[in-house]
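*Asks:* Position 149 of the sequence shown, counted from 1, bears residue number 549 in our numbering, the numbering being contiguous throughout. Glycine is no exception: its CB is placed at the ideal position from the N, C-alpha and C atoms.
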Amino acid sequence: MSAVLEIRDLHLRFRGHSGVSEVLHGVSLDIRAGERVALVGESGSGKSVTARIVLGLLQELPYAEVSGGLFLEGADLNRLSRRQWQGLRGTSISMIFQDPTSSLNPVFTIGAQFAEVLRRRDPGLPRGAADERAGALLRSVSIHDHARVLDAYPFQLSGGMNQRVVIAMALANHPSLLIADEPGTALDVTVQAQTLKLMHDLVERSGTAVLFISHNLGVVREFADRVFVIYRGRIVERGPTAAIFEAPGHAYTRALMAAVPRITGGGPPEPNDGETAFLDPMVVHEGGGA
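1. Between Arg436 and Phe555, is the Cβ-Cβ spacing less than 7 Å?
2. Please name the residue in Arg527, Arg520, Gln459 whose C-alpha comes closest to that of Thr509.
3. Helix, strand or coil for Ser428 per DSSP?
4. Measure the Cβ-Cβ separation of Leu439 and Phe628 and say whether it is below 7 Å.
5. Who are the near neighbours of Trp485 in its chain, counting only those whose CB is closer than 6 Å to its CB and skipping five residues on each side?
6. Figure out for me which residue from His411, Phe514, Ser445 has the closest Cα to the Cα of Glu532.
7. Based on the DSSP output, what are the partners of Ile635 in its beta bridges?
8. Start and end of the alpha helix (DSSP H) containing Arg621?
9. Return yes when the Cβ of Leu571 is within less than 7 Å of the Cβ of Leu538, no when it is not.
10. Would you decide whether Thr608 is buried or exposed? Buried here means 16 or more other CB atoms lie within 10 Å of its CB.
11. Do the CB positions of Glu406 and Arg413 come within less than 7 Å of each other?
12. Give me the Cβ distance between Arg654 and Gly426, rounded to the nearest whole Å; I'm assuming they're in contact under 8 Å.
13. Taking one C-beta from the stretch 542-550 and one from the stretch 471-486 each time, how about it: are there three or more such pairs within less than 8 Å?
14. Tell me which same chain residues have a C-beta within less than 8 Å of the C-beta of Val517, skipping the five on either side of it?
15. Ala677 to Ala651, Cα distance in whole Å?
16. May I ask which residues mark the beginning and end of the beta strand (DSSP E) holding Asp545?
17. Rounded to the nearest angstrom, how far is the Cβ of Val620 from that of Thr641, given a contact under 8 Å?
18. What number of angstroms, rounded off, separates the C-alpha of Lys597 from the C-alpha of Arg548?
19. With distances taken between CB atoms, is the gap from Glu637 to Gly649 smaller than 7 Å?
20. Once DSSP output is grouped into helix, strand and coil, what is the label at His411?
21. Report back the beta-carbon spacing between Ala451 and Asp625 to the nearest angstrom; my notes put them in contact at under 8 Å.
22. Kindly indicate which three-state DSSP category Glu516 falls into: helix, strand or coil?
23. Please report the distance separating the alpha-carbon of Asn478 from that of Arg408.
24. When you compare each of Met599, Pro462, Tyr553, Glu686 to Ile357 by their alpha carbons, which one comes out closest?
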């Protein structure tokens, strides 16, 4: 099966007064249709900038230098104009951000914002037809009082309800690729789990490819089919989720797993054998094996 998204040897540099800083050092990954691929690493490791390059956002910055191959369903994204990039966002590529409330405009109703999203693919869509289609999408994310929600402003809804709205909007135009950047981080644990289960079921039914960005391996274990671990702008480990968790090969992956909170009976913390002090980002492990 051909890849929906293919990234080849991606490099990112920022130019500043003090010189050039390299942020990404040859990142490569691929995602097939209907596959959920997680890009995992701590804050500052290069996860979110990779997503923004896929969306064509960093390429617009005068101080950013991006190089490497980017392909969406076989099309070379590096050949697109700024206008063509803009046409992809919200249609072929959608994104769910960390905080659902900040993703929505507080001065417009949910219905008005939904209509704008649907008109990305169907510019002449009347408001009545947009509301009808939005209502069906809201029902698909288990919002049954959709008329009330469409008339509401984001601040009138809970964080969990706003997140469901954002997921429905992201999938409204049947994107080939969905980028989920730490979805649910701003929500409590129970609502976050419900949100991820909902997103899992929806993308499975639609066949959408998902790039799931997270620092939380506990969440990734439940959601992703494959995992790419990124450390200081380099992919240091990759493979099927089960293999990564059963036999993590890189010390950084093991350090991330050790950071997952656990309920214990107390007592002193377990020693980490000094692993985190000897991380070598140049060593890449496949399939979770050592």
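*Replies:* Well, looking at it:
1. For the purposes of this step, residue 436 is taken as the residue at position 36 of the sequence shown. For the purposes of this step, residue 555 is taken as the residue at position 155 of the sequence shown. Cβ atoms of Arg436 and Phe555: not closer than 7 Å.
2. For the purposes of this step, residue 509 is taken as residue 109 along the sequence shown, with counting starting at 1. That would be Arg527, whose Cα lies nearest to the Cα of Thr509.
3. Taking the first residue of the sequence shown as 1, we reach residue 428 at position 28. Strand.
4. Sequence index remark: in the sequence shown, residue 439 carries index 39 (1-based). Sequence index remark: in the sequence shown, residue 628 carries index 228 (1-based). Yes.
5. By one-based count along the sequence shown, residue 485 stands at place 85. Within the same chain, Trp485 has close Cβ partners Gly456.
6. Position 132 of the sequence shown, counted from the start, is the residue given in the question as residue 532. The shortest Cα separation from Glu532 among His411, Phe514, Ser445 belongs to Phe514.
7. By one-based count along the sequence shown, residue 635 stands at place 235. Bridge partners of Ile635: Ile630.
8. For this step, residue 621 is matched to residue 221 along the sequence shown. Note, Arg621: alpha helix (DSSP H), 617-623.
9. Against the sequence shown, residue 538 aligns to sequence position 138. Against the sequence shown, residue 571 aligns to sequence position 171. Not closer than 7 Å, so no.
10. Here residue 608 is taken as the residue at index 208 of the sequence shown, counted from 1. Counting C-beta atoms within 10 angstroms of its own C-beta, Thr608 has 16 or more neighbours from the protein chains shown and is therefore classed as buried.
11. What you label residue 406 is simply residue 6 of the sequence shown in a count that begins at 1. What you label residue 413 is simply residue 13 of the sequence shown in a count that begins at 1. It is not a contact, given that the beta carbons lie outside the stated cut-off.
12. Here residue 654 corresponds to residue number 254 of the sequence shown, with the count starting at 1. Here residue 426 corresponds to residue number 26 of the sequence shown, with the count starting at 1. At roughly 23 Å, the Cβ-Cβ gap does not stay under 8 Å, so Arg654 and Gly426 are not in contact.
13. no
14. For the purposes of this step, residue 517 is identified with residue 117 of the sequence shown, where counting begins at 1. Closer than 8 Å at Cβ, skipping near neighbours: Gly490, Met569, Ala572, Asn573.
15. By 1-based counting over the sequence shown, the position of residue 677 is 277. By 1-based counting over the sequence shown, the position of residue 651 is 251. For Ala677, the predicted model reports a pLDDT of 41, less than 50, meaning its position is unreliable and no value from the coordinates is stated.
16. Indexing the sequence shown from 1 puts residue 545 at position 145. Per DSSP, Asp545 belongs to no beta strand (DSSP E) and is neither H nor E.
17. For this step, residue 620 is matched to residue 220 along the sequence shown. For this step, residue 641 is matched to residue 241 along the sequence shown. The Cβ separation is near 7 Å, so the contact holds.
18. In the sequence shown, residue 597 corresponds to position 197, counting from 1. In the sequence shown, residue 548 corresponds to position 148, counting from 1. Computed Cα separation, rounded: 24 Å.
19. One-based indexing of the sequence shown puts residue 637 at position 237. One-based indexing of the sequence shown puts residue 649 at position 249. Closer than 7 Å, so yes.
20. For the purposes of this step, residue 411 is taken as residue 11 along the sequence shown, with counting starting at 1. It is a strand residue.
21. Residue 451 sits at position 51 when you count from the first residue of the sequence shown. Residue 625 sits at position 225 when you count from the first residue of the sequence shown. Not really, about 18 Å apart at Cβ, beyond 8 Å.
22. Numbered from its first residue, the sequence shown carries residue 516 at position 116. It is helical.
23. Counting from 1 along the sequence shown, the entry for residue 478 is found at position 78. Counting from 1 along the sequence shown, the entry for residue 408 is found at position 8. Approximately 12 Å between the Cα atoms of the pair.
24. The requested residue 357 is not part of the displayed model; the chain covers only 401 to 690.
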